[in-house]
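Numbering (the UniProt record's numbering), first residue to last: 1 to 276.
Idealized CB from N, CA, C, for every residue including glycine.
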């Protein structure tokens, strides 16, 4: 159980729920945004003293019943509720991020010749990719392992503006940090993930700002616009698919509308990779 993280999560989420959203009168003398501690305790059916101790990081180990009540009171999403259970130590088991890759997964991305495809782990390290993904993202085969982390690219790379607009970068940055928050809850003992978070908090004020929001949401499908120097702008659907029996890995595919200019741009890019 991570008492400090649990306390932080409860405080932040409480500040984001308005009284009107849960059917309570707003009043005129609220000094802080969101719900009061007493209101959360009332909505969750627990004593105010018990809830205060949870927010102060000194409470007892809450049961699943208590956590489910808090999730309802704070209007948590499914991803946020799962994060709450992980922080309180109620995961069925503590998973780990493994260093191996299933051979069948490598075969799969190799067969996807007309679709950019890559494998991403929970730390946002790129673990494998097919030639079209390498051509779309540029220079993957020429960098070292430490430079294959997407979080570092988004917040630290000066070249990111060449591929993503400011709006795209902002949307992707926010979604990535929310997803990394979820991963930090699922893998609390992973030292590399902890080191990545500590590094980004120290080096990137933008990352630190987003991390402090405590948004939790697992990335799934997302639309993305990528600008490539040779074939131009590509409007793609970025599909993030979990790998069966490997919760630490995800298969990412970039698909386009059949017959669209973006579809043709991907085909042109593939021809360039074949001829190079």
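Own chain residues within Cβ distance below 8 Å of residue i, not counting five before or after
i: residue 201; result: 207, 208 and 211
i: residue 58; result: 3
i: residue 223; result: 235, 236, 237 and 238
i: residue 241; result: 250, 251, 252 and 253
i: residue 47; result: 41
i: residue 192; result: 97 and 123
i: residue 101; result: 119, 127, 128 and 249
i: residue 174; result: 210 and 215
Span of the alpha helix (DSSP H), counted from its first residue to its last, around residue i
i: residue 279; result: This structure leaves residue 279 out entirely; the chain is present only between 1 and 276.
i: residue 282; result: The structure shown does not extend to residue 282, since the chain is modelled only from 1 to 276, so the question has no answer here.
i: residue 7; result: 3–15
i: residue 261; result: 261–275
i: residue 90; result: Looking at the DSSP string, residue 90 is not in any alpha helix (DSSP H), and its letter there is neither H nor E.
Counted within 10 angstroms of its Cβ, other Cβ atoms place residue i as buried (16 or more) or exposed
i: residue 125; result: buried
i: residue 180; result: buried
i: residue 221; result: exposed
i: residue 15; result: exposed
i: residue 86; result: buried
i: residue 127; result: buried
i: residue 190; result: buried
i: residue 104; result: exposed
i: residue 310; result: Residue 310 lies beyond the range of the chain shown here (1 to 276); nothing can be said about it.
i: residue 62; result: buried
Nonlocal neighbours in the same chain, by C-beta distance under 7 Å from residue i, ignoring five residues either side
i: residue 98; result: 248
i: residue 204; result: 155 and 156
i: residue 24; result: 39
i: residue 106; result: 128
First and last residue of the uninterrupted beta strand (DSSP E) at residue i
i: residue 150; result: No beta strand (DSSP E) holds residue 150; the alpha helix (DSSP H) holding it covers 150–156.
i: residue 250; result: 246–255
i: residue 243; result: 232–243
i: residue 227; result: 222–228
Beta-carbon separation (whole angstroms), residue i vs residue j, contact threshold 8 Å
i: residue 120; j: residue 216; result: Incorrect: roughly 18 Å between the Cβ atoms, too far for contact.
i: residue 43; j: residue 73; result: 4 Å
i: residue 51; j: residue 31; result: About 18 Å separates the two Cβ atoms, so there is no contact after all.
i: residue 54; j: residue 84; result: Wrong, their Cβ atoms sit about 11 Å apart, outside the cutoff.
i: residue 265; j: residue 243; result: About 28 Å separates the two Cβ atoms, so there is no contact after all.
Cβ neighbours of residue i in the same chain (closer than 6 Å, five flanking residues each side left out)
i: residue 132; result: 116 and 270
i: residue 33; result: 15
4 or more residues per run - each alpha helix (DSSP H) lying fully within the stretch 40–73: 48–55 and 64–73
List in chain order: all unbroken beta strand (DSSP E) runs of 3+ residues lying wholly within the stretch 106–139. 117–121 and 126–129
Whole runs of the alpha helix (DSSP H) within the stretch 164–192, excluding any shorter than 4 residues: 166–186
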